[in-house]
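Residue numbers (full-length UniProt numbering): 1 to 214.
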């Protein structure tokens with residue numbers, strides 16, 4: 001039987017493996033076993049009127065996000081994508097016209113091999129049939145990591161970091177911005193400001209987790 005399981009996993013690795021603990025399960029939903037799901041610190045997903053975050057940024061979530069972003073494990077977007085999809089559907093936000101991920105600089109995306117927010121945005125777009133745009137919100141300024149910076153330093157660090165390439169894409173649109181973590185709100189506020197200046201009528205943010213005290 002064990003040999004059969006190994007062979008089955010080689011043929012259908014995504015069907016029966018929990019992407020968090022890497023264990024095999026006869027029955028599993030959305031690549032996440034019940035034991036791992038029960039360890040996740042779910043919260044009231046509406047952190048503020050325009051911000052949705054299903055998880056608190058605690059150790060278990062930090063480990064998963066680190067594994068996702070820096071451990072060369074982009075496949076984890078399927079687990080995390082399902083979690084934010086559930087939160088988005090529960091929030092019942094209507095009239096989203098377009099989904100936009102927070103962009104990375106070309107160098108950072110090249111070094112990492114992917115944009116973690118873009119993979120999540122793609123998952124949401126494919127699941128909801130809401131179109132996604134990855135070409136018209138650009139990162140034009142080199143910034144430090146926001147982690148460890150004060151709230152004021154975060155604002156200064158991200159100020160002027162984004163630019164809209166083609167404003168016609170956003171005119172009259174309600175935009176759902178996708179990022180991985182929400183803490184001070186500096187990144188979201190800067191991206192939202194640029195999109196509103198380009199003609200968007202409203203923005204929302206959805207992330208995996210929040211580090212903000214609730």
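No residue lacks a Cβ here, since even glycine has one placed at the ideal position from N, Cα and C. Only a predicted model underlies this, so the values are computations on that prediction, with no experimental measurement involved.
Linking residue 206 to residue 25 through their CA atoms gives a straight-line distance of about 30 Å. Contact annotation: the region 144–157 touches the region 176–194, with at least three C-beta pairs closer than 8 Å. Taken atom to atom, the span from the alpha-carbon of residue 39 to that of residue 67 is near 16 Å.
Three or more beta-carbon pairs drawn from the region 115–129 and the region 166–182 are found closer than 8 Å, and the two stretches are therefore classed as touching. As computed with DSSP, residue 202 is found in a beta bridge with 174.
Scanning its chain for C-beta atoms nearer than 8 Å, with the 5 sequence neighbours on each side dropped, one finds around residue 74 the residues 68, 113, 114, 116 and 119, in chain order. With 16 or more other CB atoms across the displayed protein chains lying within 10 angstroms of its CB, residue 101 is buried. Under the DSSP assignment, residue 61 falls outside any beta strand (DSSP E), being part of the alpha helix (DSSP H) whose first and last residues are 59–70. Taking C-beta separations shorter than 6 Å and ignoring five residues to either side along the sequence, the partners of residue 195 in its chain run 170, 175 and 203, following chain order. Cβ contact annotation for residue 151 (same chain, cutoff 6 Å, sequence separation greater than five): 184, in chain order.
The DSSP assignment places complete alpha helix (DSSP H) segments of no fewer than 4 residues inside the region 72–126 at 77–91 and 106–112, in order along the chain.
The beta carbon of residue 17 sits closer than 8 Å to the beta carbons of 9, 23, 24, 25, 28 and 31 from its chain, once the five residues preceding and following it are set aside; these are given in chain order.
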